[in-house]
Amino acid sequence: MKRILAAIIAGLITFAGVYGLAASLNLTSDSLGAGTATVAACQAGALNATYTSTYSAAAPGYTVGTVTVTGLAATCYSKPYKITLSGAGNASLGEATGTTPASGTSFAATFSPAVAAASVTGISVVISG
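With the sequence shown counted from 1, adding 92 to any position gets you my numbering.
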């Protein structure tokens with residue numbers, strides 16, 4: 093019984109200390125904040141992302157150096173993009189960033205350094221702006 097009572101008292105003291113420290117924080121309009129917002133996509137249709145593997149003696153093995161995205165709508169022209177190649181457990185293997193073209197329905201992104209093709213399990217494309 094004494095152990096349970098001691099644990100409860102220790103918990104209350106810890107809570108009071110943390111609460112007191114949090115209450116002493118001074119927040120101003122320059123403080124960092126967080127929030128969420130729903131945003132509309134720049135296009136309703138799907139984008140298609142593909143890559144072609146190339147043999148590299150330096151790797152050695154096949155690598156992915158370029159991802160081609162097709163199906164781009166005019167409403168997504170000249171917007172920043174990020175393409176991520178992912179592997180096991182959705183771990184990022186490499187990222188390429190840039191701006192979508194001002195015209196056309198496709199664009200290519202280059203990965204430097206190239207990524208081992210055998211490790212790639214997914215491609216994610218984000219167009220923002």
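A virtual CB, placed ideally from N, CA and C, is assigned to each residue, including glycine.
### Task
Leaving aside the five residues before and after residue 139 along the sequence, list all residues of the same chain whose C-beta is less than 6 Å from its C-beta, in chain order.
161, 163 and 217
### Query
Ordered along the chain, which non-local residues of its own chain (more than five positions away) have a Cβ less than 6 Å from that of residue 158?
200 and 202
### Query
Under a three-way DSSP split, which group does residue 190 fall into?
strand
### Task
For the beta strand (DSSP E) holding residue 133, just list the boundary residues, first then last.
Residue 133 -> no beta strand (DSSP E), and no H or E assigned at all.
### Task
Quick one: residues in its chain with C-beta nearer than 8 Å to the C-beta of residue 134, no 5 flanking neighbours on either side, listed in chain order?
165, 167, 168, 171, 219 and 221
### Message
For residue 205, tell me which candidate among 132, 148 and 142 has the shortest Cα-Cα distance.
### Response
148
#### Entry: Residue range of the beta strand (DSSP E) that includes residue 140
140-148
### Query
Do you know whose CA, among 209, 191, 145 and 174, lies nearest residue 180's CA?
209
### Message
On the CB-based measure, 16 or more other CB atoms within 10 Å of its CB, does residue 155 come out buried or exposed?
### Response
buried
### Message
Between the alpha carbons of residue 152 and residue 211, how many angstroms are there, rounded?
### Response
13 Å
#### Entry: Segment limits, beta strand (DSSP E) that includes residue 171
Counting along the chain, residue 171 falls outside any beta strand (DSSP E), and DSSP gives it neither H nor E.
#### Entry: Pick from 215, 141 and 146 that is closest to residue 184, judged by C-alpha positions
215
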